[in-house]
Structures are given as C-alpha cells and as structure tokens.
Amino acid sequence: MLWTATNLYIQIVAGFIGAHLVAAVVRDHAFGFWGHSAAGLIAGALGGYFLQSYAATVVMGNGALNELRPADNFFLQAATGVTLGGMGMLAIGMLTHRPKSD
15 MLWTATNLYI
25 QIVAGFIGAH
35 LVAAVVRDHA
45 FGFWGHSAAG
55 LIAGALGGYF
65 LQSYAATVVM
75 GNGALNELRP
85 ADNFFLQAAT
95 GVTLGGMGML
105 AIGMLTHRPK
115 SD
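One rule links them: number in the working numbering = place in the sequence shown (from 1) + 14.
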C-alpha cells in the first residue's frame, strides 16, 4: 500500500477523538482540553506518518496480501489513529500525574 496524505489526515483526526474518549473515561489522568487535543493530534500525526502502511497490511491465510477496499482502509486507519491518540494521552497523563497529598 502506498503512503497517502488522506490516510495521514484520517489518523490525525482519529487521534484527536481517541485522546478525548480516553480522557472522558480516565478522569484521574486528565490534563485539560488543549492538552488532550495536542496529545491526540501529535500521536495521530506520528502514527499516520510512520505506521500508515503497517496499519493497512492484511495477509490472508496462505500468506498473500489482501487488497483492501476503501471502507476497510478507512476503518483500519481510523482504528489505528484512535488507539494511538488514546495511548498517547494516557501516557502523558500518567507521566504528569501527581498524587494528591492528604
């Protein structure tokens, strides 16, 4: 599969969404709207730039590459972006989290 700017944009937007989904679930590691947005956009951009072709590699049982339809490609790129955005937000949240003192 060739590298395309469309897949990069899909992963950037999906990273943004993934970061905010994880922030809504894990409130302990939240660090604000702009922080979540930046973490998701950066994680999505890095994933879209470096992992784009790996995300869409689908191999059949006999080892041959499977040609993807556009809908399959969109789903795989979006799922990768959401996952990376959520992981990036959670990693930054865990690194910056300070336990509350009693």
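Built from N, CA and C at the ideal position, the CB exists for glycine as well.
Rounded to the nearest angstrom, the Cβ distance from G99 to G46 is 15 Å, too far for a contact under 8 Å. Within the same chain, and ignoring the five residues on either side of G102 in sequence, the residues whose Cβ sits closer than 6 Å to its Cβ are A53 and A57. The region 86-95 makes contact with the region 63-70, as at least three CB pairs between them are under 8 Å.
Excluding residues up to 5 positions away in sequence, G62 lie with their Cβ nearer than 6 Å to the Cβ of L22 in the same chain.
In the displayed model, V40 falls within coil according to three-state DSSP, outside both helix and strand. In the three-state reduction of the DSSP assignment, V96 falls in the helix class, which pools H, G and I.
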